[in-house]
Amino acid sequence: MATPRNRRGRSGTAMRRARLARSRELPAAPQGTAERDGTSLRDRKLWIGAFVTVVTGLAALLVQGGWDWLREEMSDPPELTAYAADVNGCTPKYFNARLDELRAHPETVDRSGVWIPTADLWPSVNVTVQAKTSQAIVLTGAKVSVLSARPLPARGSVVDAECGGGMDERAFDVDLRTDPVSVRPSVVRTGQGGVIKSRAFPFKVSSGDPEQFVFNVKNVAQDVRFAITFSWVSDGQPGSTRLDNGGRGFHVMGLPKNLPRYSRVDLFKGK
C-alpha cells in the first residue's frame, strides 16, 4: 500500500520524465538562422562603410574649393552684368541758356549740357561687361536703338570743351543717322599712315575676365536719346542686356545751326 509520501515521490518523478520527453520532442533551431544573421550584419557594415566614404569625399570636395563648382552647377544659368556711365567726351556741348546765364553759374558747364560730335572729336559711352559667375558668357553683338529724336534747338548756346583723351581697344563707331543704327568696329589712322581696327564681336567674359567697351557717337543729325543692348549666349541659351541710362537714354545731338558758340574762356570774361 502506497503511503502519501511515496505517492508524491512517484508523481514528481513522473512529471520530470514528462518534461524531459517534451523537451526532446521540440524542433531544433533552423540551421540557416545564424548564417542569415551574420550576412545581415555584414551588409549593414558595408552600407555604413560606403556612407562614410561618400560623406568623407564630399567634405574633401568642399574643403578643396569644390563648393564654388557645386553652387554654380545647382544655380540658375549665369547672367550678364553691365555698367555704363553717362555720355562723356571732349566735344562741344549745347546748353539751353544764354552766355550771361552760363557766366553766372560756370560750374554747371561741367555737370550738364548735351554732347555734340564734330569731325575730329566725338562723345562716347563707356561700358564694362562681365558675368556674375566664373562660367563664361559669349557676347555675340551690340545694338543701338533710338528712344527719341527731335529737331535741333533754335535757341541756346554751344560751349567748346578743353580736354584730351585716348581710344579704348574695344571701340565701336555709332552712326545715329542710319536706320537701323550702324555699330561698327572703330578704325584709327596712325601718324605713320597705318590703320588700327578695333576687334569685332564675339567676345568672351566671366566674373574674373570682364571687357571694357566704348561706343563713339560720330554721326547724329538730331536731338537724340538712345539705348545700347548686348546680345549673348550662355550654356546654349540666348539672352540680352539693355542699358538705357536709368530710363533716360544716352543724350546727344548734332550741331545746331545759327547758334552762338563760345569757348570756356568766354565764361569767365568780364568777371
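Position one of the sequence shown corresponds to residue 1 (full-length UniProt numbering), numbered consecutively onward.
Note that CB positions come from ideal geometry on N, CA and C, so glycine has one too.
| For V87 and V127, the rounded distance between their alpha carbons | 10 Å
| What does a CB cutoff of less than 7 Å around D76 pick up in its chain, not counting 5 residues either side in sequence? | Note that D76 scores 48 on pLDDT, short of 50, meaning its location in the model is unreliable; the coordinates nonetheless yield the value given after this. None.
| query | Relative to the ligand ATP, is the shortest distance from any of its heavy atoms to the C-beta of T91 smaller than 6 Å? | reply | The ligand ATP is not part of this structure, which contains no ligands at all.
| Pick from P153, D223 and L139 that is closest to P260, judged by C-alpha positions | P153
| query | Below 7 Å between beta carbons: does that hold for S263 and D160? | reply | yes
| field | Buried/exposed call for I116, threshold 16 Cβ in 10 Å | value | buried
| message | Suppose you measure from the CA of S207 to the CA of R103; what does that come to, to the nearest Å? | response | 46 Å
| field | Continuous beta strand (DSSP E) assignments of at least 3 residues falling wholly in the segment 136-187 | value | 137-150, 157-159, 171-175 and 182-185
| request: Answer with buried or exposed for V265, where buried requires no fewer than 16 other C-beta atoms within 10 angstroms of its C-beta. | output: exposed
| query | Based on Cα-Cα distance, which residue from S182, S186, S148 and A200 lies nearest to R248? | reply | S148
| request: Could you pull the start and end residues of the beta strand (DSSP E) that A221 belongs to? | output: No beta strand (DSSP E) holds A221; DSSP gives it neither H nor E.
| query | The alpha helix (DSSP H) with V109 in it runs from where to where? | reply | T108 to R111
| query | Among residues of its own chain, excluding the 5 on either side of S198, which ones have a beta-carbon nearer than 6 Å to its beta-carbon? | reply | A171, P185 and S186
| request: Tell me, please, whether the segment 92-101 touches the segment 130-138 by the rule of three or more beta-carbon pairs shorter than 8 Å. | output: no
| Since S157 contacts L121 with CB under 8 Å, what's their CB separation in whole angstroms? | Not a contact, Cβ separation roughly 18 Å.
| Between which two residues does the alpha helix (DSSP H) containing residue 334 stretch? | What is shown of the chain runs 1 to 271, which leaves residue 334 out entirely.
| request: Figure out for me which residue from S124, G89 and V125 has the closest Cα to the Cα of D110. | output: G89
| said: Suppose you measure from the CA of V224 to the CA of S240; what does that come to, to the nearest Å? | reply: 23 Å
| task | Kindly indicate which three-state DSSP category L102 falls into: helix, strand or coil? | result | helix
| task | Take R155 and list the residues in its own chain whose beta-carbon comes closer than 8 Å to its own, dropping the five residues that flank it on each side. | result | N96 and L259
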